[in-house]
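Let me begin by presenting the structure, written as structure tokens, before commenting on it.
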Amino acid sequence: MPAIGQSIKIDNVSKFYGSFQALDSVSLEADAGEFLTILGSSGSGKTTLLKIIAGFEAANDGQILINGADIAGKKSYERNIGMLFQNYALFPHMTVAENIAYPLKLRKIDKDEIAERVNFIIKLIKLDGMEKRLPKQLSGGQQQRCALARAIVYNPPLLLLDEPLGALDKNLRHEMQFEIKRIQKELGITTISVTHDQEEALTMSDKICIMSHGVIQQCSSPEEIYNEPRNQFVAEFIGSTNLIKGTVMTKYKENGCRVSMVKTGLTDEPVRIEEPLDRRQFNLDDVLLALRPELIHLMKNRSGHINSFKASILNSVYMGDYYKVLIRVQDGSELNVKISPEAYRQYAGEKELEFFFNADCVTTIYEKEKGVMLKTIE
Ligand code: ADP
Ligand code: MG
-15 MPAIGQSIKI
-5 DNVSKFYGSF
5 QALDSVSLEA
15 DAGEFLTILG
25 SSGSGKTTLL
35 KIIAGFEAAN
45 DGQILINGAD
55 IAGKKSYERN
65 IGMLFQNYAL
75 FPHMTVAENI
85 AYPLKLRKID
95 KDEIAERVNF
105 IIKLIKLDGM
115 EKRLPKQLSG
125 GQQQRCALAR
135 AIVYNPPLLL
145 LDEPLGALDK
155 NLRHEMQFEI
165 KRIQKELGIT
175 TISVTHDQEE
185 ALTMSDKICI
195 MSHGVIQQCS
205 SPEEIYNEPR
215 NQFVAEFIGS
225 TNLIKGTVMT
235 KYKENGCRVS
245 MVKTGLTDEP
255 VRIEEPLDRR
265 QFNLDDVLLA
275 LRPELIHLMK
285 NRSGHINSFK
295 ASILNSVYMG
305 DYYKVLIRVQ
315 DGSELNVKIS
325 PEAYRQYAGE
335 KELEFFFNAD
345 CVTTIYEKEK
355 GVMLKTIE
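Letter by letter, the sequence shown follows residues -15 to 362 in this note's numbering.
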């Protein structure tokens, strides 16, 4: 079957409820067949954006283009968008097959085609044998599959998911994440999903857009969101991270990179950081270094490693495949570190501990501009 997904572009969409601004110039794009997740805490405007895409709410400003065409003039039912929300409300008096067939009947598709289509989808979502059951005779996960089938049976070019797995328990949620992704890829439906669950976003998405107070903070691949957060909000929102204050001492250009020597309270020597020149402004001096706990390594004392520093362990928790350790650095600041059980058992008993990190693993976040540069080599 050919892929049915179409591209969607949301361009500078703003929404006010009275004087309250729920969306502030939101722009994002999903290519045909892509799975895009909008990740944000409760009240950040996720559902509002989906409602605007679906045509249940009107934007105050901006445009939505599906396959390049503005959908502003189209009524909700003319947009032909598939939707699956948390309260998926199957019709309780209809069987599984009847529930799934319902959108096709509405569209006056002929009987044989309906039967064929329902059959295909039931196999795809693995509900074969349950066609004649009523929703109350299904488990939560099966009901969710049935609702998904009903949302995609008429081949919508776009599927909207609003926290669809929120009501399921953890194991089922993982299973359904995998299932939805499988079906989405198999059919090639462009999907916009919204969730506050970062693990769900990281595992399911081709692209993640982090939203806070109606503003998109960053739209990137899951890897980039995790490894190269654009600002402090994103760095703190995804996973756990250490944010270390630093001041840029010197900066210069080298092989198309900006090289900064950043003084922190962590190491005696400044940390050398390289990054592509076009990514950041060149005139900022106050930085935050974002350093993930798994990228700080414990090692033998006085190894002379670059970017190494002394610290003591404040407390540690055994997590099975790693130790979650809180350490105190010379300047009194505290860092979270993930240490392999092997390294922990080998070194943790020693009085003076040393840690190191690879500067490649540090993300520099330039938050605000400060006056004077100490030294600049252009
Ligand atoms: P999310 O789905 O991310 O939890 P929503 O889009 O539902 O967030 O809501 C975003 C903000 O807009 C919230 O502060 C909410 O209270 C407000 N809001 C949502 N719908 C309405 C409405 N119909 N009238 C007034 N305020 C609303
Ligand atoms: Mg919501």
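Idealized CB from N, CA, C, for every residue including glycine.
Exercise. Name the DSSP bridge partner or partners of E259?
Worked result: Its beta-bridge partners are R242.
Exercise. Cβ of A363 within 8 angstroms of any heavy atom in the ligand ADP?
Worked result: As shown, the chain starts at -15 and ends at 362. That puts residue 363 outside it, with no answer to give.
Exercise. In the structure shown, what three-state DSSP assignment does T251 receive?
Worked result: Coil.
Problem set entry | Three-state secondary structure (DSSP) of N71 | In the structure shown, N71 sits in coil (DSSP, three-state: anything other than H, G, I, E or B).
Exercise. A332 to E278, Cα distance in whole Å?
Worked result: If you take the alpha carbons of A332 and E278, they lie about 16 angstroms apart.
For this session: Quick one: give me the first and last residue of the alpha helix (DSSP H) that N51 is part of.
Result: For N51, there is no enclosing alpha helix (DSSP H), as DSSP marks it with neither H nor E.
For this session: Using only the heavy atoms of the ligand MG, determine whether one of them is closer than 8 angstroms to the beta carbon of T21.
Result: Because no heavy atom of the ligand MG lies under 8 angstroms away, the Cβ of T21 does not count as near it: no.
Exercise. Between which two residues does the alpha helix (DSSP H) containing L118 stretch?
Worked result: Secondary structure note for L118: it is in no alpha helix (DSSP H), with a DSSP letter that is neither H nor E.
Exercise. Is any heavy atom in the ligand MG found nearer than 8 angstroms to the beta carbon of V178?
Worked result: The nearest non-hydrogen atom of the ligand MG is less than 8 angstroms from the C-beta of V178.
For this session: In the DSSP assignment, find the beta strand (DSSP E) that holds N(-4) and state where it starts and stops.
Result: Note, N(-4): beta strand (DSSP E), I(-8) to Y1.
For this session: Along the alpha helix (DSSP H) that carries R129, what are the first and last residues, could you check?
Result: Its alpha helix (DSSP H) spans residues G124 to I136.
Exercise. Is there a Cβ from chain D that is less than 9 angstroms from the Cβ of V80?
Worked result: Looking at the structure shown, chain D is missing, and only one protein chain is on hand.
For this session: Output the boundary residues of the beta strand (DSSP E) element that contains M195.
Result: If you look at M195, you'll find it in the beta strand (DSSP E) that goes K191 to S196.
Problem set entry | Spatial distance of V271 from G46 (CA atoms) | Cα to Cα, V271 sits roughly 34 angstroms from G46.
For this session: Pick out the complete beta strand (DSSP E) segments inside the segment 152 to 176, 3 residues or longer, and give them in chain order.
Result: Here no run is fully enclosed.
Problem set entry | Straight-line gap, S(-9) to I50 (C-alpha atoms, nearest Å) | The straight-line gap separating the alpha-carbon atoms of S(-9) and I50 is approximately 6 angstroms.
For this session: Identify, in the order they occur along the chain, each residue of the same chain with its Cβ nearer than 6 angstroms to the Cβ of N64, setting aside the five sequence neighbours on each side.
Result: Excluding positions up to five away in sequence, the list reads P140.
Problem set entry | When N299, A327, G316 and F339 are compared against G288, the one with the closest alpha-carbon | Of N299, A327, G316 and F339, the residue nearest in Cα terms is F339.
For this session: Assign L358 to one of two classes, buried (16 or more other C-beta atoms within 10 Å of its C-beta) or exposed (fewer than that).
Result: In this prediction, L358 has a pLDDT of 31, which is less than 50 and means its spatial position is unreliable; what the coordinates show is noted afterwards. Under this definition L358 is an exposed residue.
Exercise. So, using beta-carbon positions, are L319 and L282 closer together than 9 angstroms?
Worked result: Cβ atoms of L319 and L282: not closer than 9 angstroms.
Exercise. According to DSSP, what are the bridge partners of H180?
Worked result: Partner(s): none; H180 has no beta bridge.
Exercise. Measuring CA to CA, which of G2, K(-1), D15 and S9 is closest to I(-12)?
Worked result: Closest in C-alpha terms to I(-12), from the list G2, K(-1), D15 and S9, comes D15.
For this session: Give the DSSP-derived three-state secondary structure of V80 in the structure shown.
Result: When DSSP states are grouped into helix, strand and coil, V80 belongs to the helix group.
Exercise. If we ignore side chains and look at the alpha-carbon of each, how far apart do F69 and G150 end up?
Worked result: Rounded to whole angstroms, F69 to G150 spans 9 angstroms at the Cα level.
Problem set entry | Inter-residue Cα distance where the pair is K237 and S244 | Their Cα atoms are separated by approximately 9 angstroms.
For this session: Flag S9 as yes when its Cβ comes closer than 8 angstroms to any non-hydrogen atom of the ligand ADP, and as no otherwise.
Result: Result no, Cβ not under 8 angstroms from the ligand ADP.
Problem set entry | Straight-line Cα distance separating S300 from Q168 | Whole-angstrom Cα-Cα distance: 42 angstroms.
Exercise. Is the CB-CB distance between Q314 and G230 below 9 angstroms?
Worked result: At a Cβ-Cβ threshold of 9 angstroms, Q314 and G230 do not count as neighbours.
Problem set entry | Cβ neighbours of D87 in the same chain (closer than 7 angstroms, five flanking residues each side left out) | Checking the sequence shown, residue 87 turns out to be Pro, not Asp. Within the same chain, R134, V137 and Y138 come within 7 angstroms of P87 by CB-CB distance, once the 5 residues on both sides are set aside.
For this session: Specify the secondary structure class of M233 as computed by DSSP and reduced to three states.
Result: Looking at M233 - three-state DSSP - the assignment turns out to be strand.
For this session: Spell out a yes or no on whether the segment 10 to 28 and the segment 172 to 184 are touching, meaning 3 or more CB-CB pairs, one atom from each, closer than 8 angstroms.
Result: Yes, the segment 10 to 28 touches the segment 172 to 184.
Problem set entry | beta-carbon K30 near the ligand MG non-hydrogen atom, thresh 8 angstroms | Within the cutoff, so yes.
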